[in-house]
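So the protein sequences, as listed, match chains A and B. Numbering follows the numbering used here, with no gaps: position 104 of the first sequence is 104. Heads up: take any position in the second sequence, counting from 1, add 1000, and you land on the numbering used here. Backbone N, C-alpha and C fix where the C-beta goes; we use that ideal spot for every residue, glycine too.
Number of protein chains: 2
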Amino acid sequence: MPKFARVITIGEQELEWLSLGAAVFGAGGGGDPLMGTLMAQQAIRTHGPATMVGLDTLDDDDLILPVAMVGAPTVMVEKFMSGDEGDRIRERIENEIGRKVAALSSAELGGVNGVIPFAWAATSGLPIVDCDLMGRAFPELQMTTAAVAGVDINPVVITDERGNLVSFTTATPKWAETLVRTVVGAMGGEASMCLYPMTVAQAKQAAILNSMSRALEVGRLLHEAEDDPVGALCAAVEGFPLVVGKVTDVNRQTTEGFAKGSATIEGTGADAGRTLRMEFQNENAVLFEGDSVVASVPDIITAVDVHTARPIVTEQLRYGHRVSILALPCDPIWRTDEALAVVGPRTFNYDIDYIPVEELNG
Amino acid sequence: MPKFARVITIGEQELEWLSLGAAVFGAGGGGDPLMGTLMAQQAIRTHGPATMVGLDTLDDDDLILPVAMVGAPTVMVEKFMSGDEGDRIRERIENEIGRKVAALSSAELGGVNGVIPFAWAATSGLPIVDCDLMGRAFPELQMTTAAVAGVDINPVVITDERGNLVSFTTATPKWAETLVRTVVGAMGGEASMCLYPMTVAQAKQAAILNSMSRALEVGRLLHEAEDDPVGALCAAVEGFPLVVGKVTDVNRQTTEGFAKGSATIEGTGADAGRTLRMEFQNENAVLFEGDSVVASVPDIITAVDVHTARPIVTEQLRYGHRVSILALPCDPIWRTDEALAVVGPRTFNYDIDYIPVEELNG
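Have a look at this one:
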């Protein structure tokens, strides 16, 4: 994959690409990036393009502020942000910490949070750092490489479009998840957030580096692919095409802010006769064939359109959809015992050991 | 009523008296002061007595911090505070506002919050100011004289025994109520709080003055009363004895953190043949005789033991209880149209106009 320059200008076209890449790494969750892309494009039209920079363009002592939307991305479609959320969060954190923020970053590459930080970056004039804290999408605040590395999640600041602002200093990242989630519910299901404020030196240890430019490149490739887009995508992300087939059943329940359920895929063509079940908890969590695990979290299971390789988020999965199910190896940072205690199959209530997708499908 | 000196030492004995007085003004709600009294007495044994001072002993520019427990007082019996909540809240507010707190105050005279601030005062060495923001107990954060006077509720800070701390800057006091309530639920149903930080000059306009020393005096009187305690209490608080009778029915539901229901009182003696219904929403809200209103919020409806005049909180009302139902005129500050929009019968979903108890029973 060609390397991007260390300072990348993010205009409307780049956001289209990022949007596609963020959906690939979203594992079916993280929210459809469409609304976030439109909002970031609007901010760029108003304030000019955003800038994405490598960590090494900053001083080790500079303060980075990871930001994200939190809540149900489906709510975003009806409950718009007022536009000043990013500035309000940043000003608050600067007052609490007593330091200026040098750059924003995305807390979560996958889904809507791969693009929405660019709206706030364009508005504030701050650059976005080329890294994130998941390398994919995960449903909860403690499921970050920063938590695994021991970076303090506090203070977590959230705000809504009415101007309500809440700052949390919590005993553990899991307590932050619990308390933030309940306030977001009371705010109407969605809010803007920052968490794990950290120095550049900390980010070099605690973040997944160059993940944003990787998503940008994958999105551009997908945008431009003509022959065999699925094959081109797999080559770009070192992905495994696990099955090609037709969605024959989708069960989906929205409970306590989570979209939980499963989709059944009946193989077609060379996969005729195979039946797989993809279970999701916001993101796709485990792909089963009978009782056998074909892939599982933290590896990235993504359904793509069999012809265009465009990723399909779980809320768009429908009967009859012709799909290819891919699994992408997660970042190696997630494969230690310590990290698997935070994001492994057991944290999603599956009593199975994690086996890397390349071992399961080698 | 004799006036207390402007600086009053609050030891274990004074807390007993305050506890009784706070229950009288609690209108059946605000939580049984027992646990709060024990905690404050423990703090006084450890750190020495607390001090209650008049507002005029402080400079107009001094910062006062109203504090309270928030949540279900019944939870306090099983979920103890760790003891450092008061200091943690105060330190946080001093950092946010950039000023030192000169004195604490009780946000709510009635019930447990009439005594618990003395635990934090004894621990911190700060005085308690002789005023509060309700002059009784009310269930929600916006139901304060401070809100009516236009004092900003922000920042509201809450903390729990685990060390979780959440700071709210909200669009309206009602939003503070909504967001704080949901976090308190997630914290386990109860937390320690400060709200409406204000200067002494603001408190002179926005608080109910000398309410704490009044409760102390009422409690002492009740403690010492021998002949006709109910009559002595009514004389001390300008109260109206509305009915003497027996509790013959109690309906109580705990929903969304509220104890809602009603008690039926069948008159005895001179009141034989009368039947009254006391409806409560944490606090006693309206006393009906048939369809007629005998007393309503914001006036203070309190059930007391017919022999001892000891107040009975709604959760202790039982079949067979011999009670005298009293109504105390609320502070005049609550009787403007503006104030009644915040605490009048309609805010409790009764479609009736407020008529002062002395007009209804003159």
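Problem - M193/A and I153/A closer than 8 Å at C-beta - result: As a working mapping, residue 193/A is identified with position 193 in the first sequence. As a working mapping, residue 153/A is identified with position 153 in the first sequence. Against a cut-off of 8 Å, the Cβ pair of I153/A and M193/A comes out as no contact.
Problem - Range covered by the alpha helix (DSSP H) that runs through L216/A - result: Along the first sequence, one-based indexing puts residue 216/A at 216. Residues S211 to E224.
Exercise for the section: Please classify I128/A: is it buried, with 16 or more other beta-carbons within 10 angstroms of its beta-carbon, or exposed? Expected result: Reading the first sequence from its first residue, position 128 is the one you call residue 128/A. Buried, because 16 or more other Cβ atoms sit within 10 Å of the Cβ of I128/A.
Exercise for the section: Write down the C-beta distance between V1135/B and F1025/B rounded to the nearest angstrom, noting that I regard them as a contact closer than 8 Å. Expected result: If you number the second sequence from 1, residue 1135/B lands on position 135. If you number the second sequence from 1, residue 1025/B lands on position 25. The sequence given here has Gly at residue 1135/B, not Val. Correct: roughly 7 Å between the Cβ atoms.
Problem - Cα-Cα separation between K1003/B and P1298/B, rounded to whole angstroms - result: Here residue 1003/B is taken as the residue at index 3 of the second sequence, counted from 1. Here residue 1298/B is taken as the residue at index 298 of the second sequence, counted from 1. Residue placement at K1003/B cannot be trusted, given a pLDDT of 47 that sits under 50; what the coordinates show is reported in the next sentence. For K1003/B and P1298/B, the distance between alpha carbons rounds to 25 Å.
Exercise for the section: Determine the direct distance from the alpha carbon of S106/A to that of Q41/A, and round the result to whole angstroms. Expected result: The residue given as residue 41/A occupies position 41 in the first sequence. The residue given as residue 106/A occupies position 106 in the first sequence. The alpha-carbon atoms of Q41/A and S106/A are separated by roughly 16 Å.
Handout entry: Which of helix, strand or coil DSSP assigns to Q1281/B
Key = Walking along the second sequence from the start, residue 1281/B turns up at place 281. Strand, per DSSP.
Exercise for the section: To the nearest angstrom, report how far apart A236/A and D228/A are at their CA atoms. Expected result: For the purposes of this step, residue 236/A is taken as residue 236 along the first sequence, with counting starting at 1. For the purposes of this step, residue 228/A is taken as residue 228 along the first sequence, with counting starting at 1. Distance between the alpha carbons of A236/A and D228/A: 12 Å.
Problem - With 16 other Cβ atoms within 10 Å as the buried cut-off, status of A147/A - result: What you label residue 147/A is simply residue 147 of the first sequence in a count that begins at 1. Residue burial is scored here from C-beta neighbours: A147/A has at least 16 other C-beta atoms within 10 angstroms and is therefore classed as buried.
Handout entry: Through-space distance from M1187/B to E1161/B, alpha-carbon basis
Key = Looking up residue 1161/B in the second sequence gives position 161. Looking up residue 1187/B in the second sequence gives position 187. Their Cα atoms are separated by approximately 9 Å.
Handout entry: Interface partners of R90/A on chain B, CB under 7 Å
Key = Taking the first sequence and counting its residues from 1, one reaches residue 90/A at position 90. Going along chain B, no residue has its Cβ under 7 Å from R90/A, so there is no contact; the nearest lies around 15 Å.
Handout entry: CB contact check: V166/A to chain B, cutoff 8 Å
Key = Counting from one through the first sequence, the residue named residue 166/A turns up at place 166. Interface criterion met: the Cβ of V166/A is under 8 Å from a Cβ in chain B.
Handout entry: Unbroken stretches of the beta strand (DSSP E), 3 residues or longer, contained in the segment 234–322 of chain A
Key = Qualifying beta strand (DSSP E) stretches, in chain order: 240–255, 258–267, 275–281, 283–289, 292–296 and 300–305.
Handout entry: is_contact[T169/A, chain B] using C-beta, thresh 8 Å
Key = Residue numbering aside, residue 169/A sits at position 169 when the first sequence is read from its first letter. Yes, because at least one Cβ of chain B sits closer than 8 Å to the Cβ of T169/A.
Problem - Per-residue DSSP class, three states only, for S106/A - result: Locating residue 106/A in the first sequence gives position 106, counting from the first residue. If DSSP states are grouped into helix, strand and coil, S106/A belongs with the strands.
Practice task
Could you please give the first and the last residue of the uninterrupted beta strand (DSSP E) stretch that includes M1193/B?
Solution key: Position 193 of the second sequence, counted from the start, is the residue given in the question as residue 1193/B. E1190 to C1194 is the span of the beta strand (DSSP E), which, as asked, contains M1193/B.
Handout entry: Contact between the segment 1050–1068 of chain B and the segment 1117–1126 of chain B (3+ Cβ pairs under 8 Å)
Key = Segment contact: the segment 1050–1068 of chain B against the segment 1117–1126 of chain B, three or more CB-CB distances shorter than 8 Å; contact assigned.
Problem - Nearest-angstrom Cα separation, counted from S82/A out to I333/A - result: Numbered from its first residue, the first sequence carries residue 333/A at position 333. Numbered from its first residue, the first sequence carries residue 82/A at position 82. Roughly 36 Å between the two C-alpha positions.
Handout entry: Same chain only: Cβ atoms within 6 Å of F1288/B, ignoring 5 sequence neighbours per side
Key = Translated into positions along the second sequence, residue 1288/B becomes position 288. Counting only Cβ-Cβ distances below 6 Å, and skipping sequence neighbours, we find R1277.
Exercise for the section: Apply the 10 Å Cβ neighbour rule to D1032/B and answer buried if 16 or more other Cβ atoms are within range, or exposed otherwise. Expected result: The sequence position of residue 1032/B within the second sequence is 32, counting from 1. It counts as buried.
Problem - For S167/A, the three-state DSSP class (helix, strand or coil) - result: As a position in the first sequence, residue 167/A is number 167, starting the count at 1. In the structure shown, S167/A sits in a strand (DSSP, three-state: E or B).
Practice task
Please check if any C-beta of chain B sits within less than 8 Å of the C-beta of L179/A.
Solution key: Residue numbering aside, residue 179/A sits at position 179 when the first sequence is read from its first letter. Answer yes: the Cβ-Cβ gap between L179/A and chain B drops below 8 Å somewhere.
Practice task
Flag this pair as yes or no: are the beta carbons of V1304/B and V1293/B separated by less than 8 Å?
Solution key: For the purposes of this step, residue 1304/B is identified with residue 304 of the second sequence, where counting begins at 1. For the purposes of this step, residue 1293/B is identified with residue 293 of the second sequence, where counting begins at 1. In this structure, the beta-carbon distance from V1304/B to V1293/B does not fall below 8 Å.
Handout entry: Beta-bridge pairing of M1198/B - partner residues as DSSP gives them
Key = On the second sequence, residue 1198/B is found 198 positions in, with the first residue counted as 1. DSSP lists I1064/B as partners of M1198/B.
Handout entry: Helix, strand or coil at M1081/B according to DSSP, with G and I counted as helix
Key = Here residue 1081/B refers to the residue found at position 81 when the second sequence is read from its first residue. Look at M1081/B here: in three-state DSSP terms it is coil, with no helix or strand label.
Exercise for the section: With a 10 Å radius around its C-beta and 16 neighbouring C-beta atoms as the bar for buried, classify D1059/B as buried or exposed. Expected result: As a first step, residue 1059/B must be located in the second sequence, where it is residue number 59. Label assigned to D1059/B: exposed.
Practice task
Using beta-carbon positions only, say whether L109/A and S19/A come within less than 8 Å of one another.
Solution key: Taking the first residue of the first sequence as position 1, residue 109/A is located at position 109. Taking the first residue of the first sequence as position 1, residue 19/A is located at position 19. No; because the gap between Cβ atoms is not below 8 Å, this pair is not in contact.
Handout entry: chain A within 8 Å of T1182/B, Cβ atoms only
Key = Position 182 of the second sequence holds residue 1182/B. Judged by the 8 Å Cβ criterion, T1182/B is in contact with chain A.
Practice task
Using a Cβ cut-off of 8 Å (strictly closer), state whether R45/A contacts chain B.
Solution key: Stepping through the first sequence from its first residue, residue 45/A is reached at position 45. Chain B contact via Cβ: absent.
Handout entry: First and last residue of the uninterrupted beta strand (DSSP E) at V1053/B
Key = The residue labelled residue 1053/B in the question sits at position 53 within the second sequence. Counting along the chain, the unbroken beta strand (DSSP E) around V1053/B starts and ends at A1050 to V1053.
Handout entry: Proximity test, Cβ basis, 8 Å: G1185/B and chain A
Key = Looking up residue 1185/B in the second sequence gives position 185. Closer than 8 Å: yes.
Exercise for the section: Would you verify that the beta carbon of G1150/B is, or is not, closer than 8 Å to some beta carbon of chain A? Expected result: Counting from one through the second sequence, the residue named residue 1150/B turns up at place 150. G1150/B does not count as touching chain A.
Practice task
Inspect the CB distances between the segment 330–347 of chain A and the segment 260–275 of chain A and report whether three or more fall short of 8 Å.
Solution key: No, they do not touch.
Handout entry: Inter-residue spacing [alpha-carbon to alpha-carbon] between I1089/B and A1027/B
Key = The residue you call residue 1089/B lines up with position 89 of the second sequence. The residue you call residue 1027/B lines up with position 27 of the second sequence. I1089/B and A1027/B have their C-alpha atoms some 28 Å from each other.
Practice task
Would you mind sorting E85/A into buried or exposed? The rule is 16 or more other CB atoms within 10 Å of its CB.
Solution key: Against the first sequence, residue 85/A aligns to sequence position 85. It counts as buried.
Exercise for the section: In angstroms with no decimal places, state the Cα-to-Cα distance between R92/A and R1006/B. Expected result: Working through the first sequence from its first residue, we reach residue 92/A at position 92. Working through the second sequence from its first residue, we reach residue 1006/B at position 6. Their Cα atoms are separated by approximately 40 Å.
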